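Position 20, counted from 1, in the sequence shown is what the working numbering calls 421; the numbers after and before it change by one each time, with no gaps. For glycine and all other residues, C-beta sits at the position ideal for the given N, C-alpha and C. Quantities reported herein were computed from a predicted structural model and do not represent experimental measurements. Worksheet: one structure, shown below.
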Amino acid sequence: MYLRQLIGFFIRASGDHRVGPHHVALYMALFQEWCIHNGKSPVPVTQAHLRQVAKIGRTTYHKCMKELEAFGYIKYIRSYSPVLGSLVYLEELD
């Protein structure tokens, strides 16, 4: 299951000219959290943690999350609460 999701992402992203290195880094951070949660969606995430893992800044984070959702890689339910965090669904890409 995990490997299929990862391979599916790379196959799709490699043919998608809109996806750049920041998108890949952020998706890998999301994928890591998804794996930690046994491949179950939604995954609770915080901006600070994902930015640290992906090594990206705040503006890049918001841009890439919005674009990954628009491009069909994730579903993003943003929370404005620093306590609750946001929810992310990884779309099946196998």
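Environment of residue i [buried if 16+ CB atoms lie within 10 Å]
| i | result |
| --- | --- |
| Val-484 | exposed |
| His-424 | buried |
| Ala-471 | exposed |
Proximity of residue i and residue j at Cβ, strictly below 8 Å
| i | j | result |
| --- | --- | --- |
| Ile-475 | Ala-426 | no |
| Leu-469 | Tyr-428 | yes |
| Pro-443 | Tyr-481 | no |
For residue i: DSSP bridge partner residues
| i | result |
| --- | --- |
| Ile-478 | Leu-488 |
| Val-444 | Val-489 |
Q.
Three or more C-beta pairs under 8 Å: does that hold for the region 485 to 495 against the region 403 to 416?
A. Flag = yes, the region 485 to 495 and the region 403 to 416 touch.
Q: Kindly confirm or deny that the region 420 to 429 and the region 440 to 449 touch, where touching means at least three C-beta pairs closer than 8 Å.
A: The region 420 to 429 makes no contact with the region 440 to 449; the number of CB pairs closer than 8 Å stays below 3.
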